[in-house]
DNA sequence: AATAATTATAGCACTTATGCTATAATTATT
DNA sequence: AATAATTATAGCATAAGTGCTATAATTATT
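Chains as they are written, first to last, in the numbering used here: chain P, 263 to 351; chain V, 263 to 351.
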């Protein structure tokens, strides 16, 4: 029987930032008049991926975000126009 | 013999955006007075990862980028203060 | 020039992002 | 209320991000 070996590598999942981004993206998508399905089609991303991002289930890559910005035709400064909580020392 | 089956799924790797980000990050890191190694240590990211990002070899996740922004103590608007080439229709 | 410091590469293991497909749940429309 | 549209969830396969470790290459320092 192979014991389930617990890795001690700690991967980063910045839940706070990911949630903020999710909310912000949804706001912008709606503002720009896209449904998830339209955004998926026009961007070439899958619908499931769009939904996963907006529900903060995953931690998307920069390429994915860049594609969203291009499709929505908004500058990155808009898509990232929110504050991260500062690092606690 | 198992033939190597080529998948037709097309994953996104936005080379142009990734390169722009790489250059921009490096500029900011140096401006803020960090070596890659310092940035790695203080952020908890691996040194190899920092290098891979700055040489545009990989497509980092948002969490990674958020951690970098926090560690460098710069707002996202700073880290994303560059232009993506617009989508060609 | 020698040495030190910094940055870049490489390989492996593990975890996770993503596409795809299908279905459920929710919300809007008639 | 029924129906349609939209959004959310789920499982699987595959590609890729990340940590770790080591080493090479480059750049700065003495």
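Positions of the beta carbon are idealized from the N, C-alpha and C atoms, including for glycine.
Every value quoted in this text rests on a predicted model; they were computed, and no experiment measured them.
| Any idea what DSSP makes of residue 326 of chain P, helix, strand or coil? | Taking the first chain and counting its residues from 1, the one referred to as residue 326 of chain P is at position 64. If DSSP states are grouped into helix, strand and coil, residue 326 of chain P belongs with the helices.
| said: Determine, for residue 325 of chain P, whether the minimum Cβ-Cβ distance to residues of chain V falls below 8 Å. | reply: Counting from one through the first chain, the residue named residue 325 of chain P turns up at place 63. So, interface residue.
| Contacts around residue 326 of chain P, its chain only, beta-carbon distance under 8 Å, and the 5 residues preceding and following it disregarded | Your numbering for residue 326 of chain P matches position 64 in the first chain. Hits under 8 Å: 307, 311, 315.
| For residue 279 of chain P, does the three-state DSSP call read helix, strand or coil? | For the purposes of this step, residue 279 of chain P is taken as the residue at position 17 of the first chain. Here residue 279 of chain P sits in helix by DSSP.
| task | Measure the Cβ-Cβ separation of residue 347 of chain V and residue 277 of chain V and say whether it is below 8 Å. | result | Position 85 of the second chain, counted from the start, is the residue given in the question as residue 347 of chain V. Position 15 of the second chain, counted from the start, is the residue given in the question as residue 277 of chain V. No; because the gap between Cβ atoms is not below 8 Å, this pair is not in contact.
| query | Just to confirm, are residue 324 of chain P and residue 331 of chain P a CB contact at a threshold of 8 Å? | reply | Locating residue 324 of chain P in the first chain gives position 62, counting from the first residue. Locating residue 331 of chain P in the first chain gives position 69, counting from the first residue. Against a cut-off of 8 Å, the Cβ pair of residue 331 of chain P and residue 324 of chain P comes out as no contact.
| Apart from the five residues just before and just after residue 305 of chain V, which ones in its own chain have a Cβ nearer than 7 Å to its Cβ? | Residue numbering aside, residue 305 of chain V sits at position 43 when the second chain is read from its first letter. Result list for residue 305 of chain V: 329, 330, 333, in chain order.
| message | Classify residue 291 of chain V: buried if its beta carbon has 16 or more other beta carbons within 10 angstroms, exposed otherwise. | response | The sequence position of residue 291 of chain V within the second chain is 29, counting from 1. The residue in question, residue 291 of chain V, is buried, as its Cβ has 16 or more Cβ neighbours within 10 Å.
| field | residue 333 of chain V, DSSP secondary structure in three states | value | For the purposes of this step, residue 333 of chain V is identified with residue 71 of the second chain, where counting begins at 1. Residue state, collapsed to three classes: helix.
| Based on Cα-Cα distance, which residue from P:344, P:349, P:350 lies nearest to residue 281 of chain P? | Taking the first chain and counting its residues from 1, the one referred to as residue 281 of chain P is at position 19. The candidate whose alpha carbon is nearest that of residue 281 of chain P is P:344.
| message | Since residue 298 of chain P and residue 313 of chain P should fall inside the 8 Å C-beta cutoff, what is the C-beta to C-beta distance between them, to a whole number of angstroms? | response | Position 36 of the first chain, counting from 1, holds the residue named residue 298 of chain P. Position 51 of the first chain, counting from 1, holds the residue named residue 313 of chain P. Confirmed, Cβ separation roughly 6 Å.
| field | Euclidean distance between Cα positions of residue 352 of chain P and residue 300 of chain V | value | Nothing can be reported for residue 352 of chain P, as the shown portion of chain P is limited to 263 through 351.
| query | Residue range of the alpha helix (DSSP H) that residue 340 of chain P falls in? | reply | Your numbering for residue 340 of chain P matches position 78 in the first chain. 338 to 341 is the span of the alpha helix (DSSP H), which, as asked, contains residue 340 of chain P.
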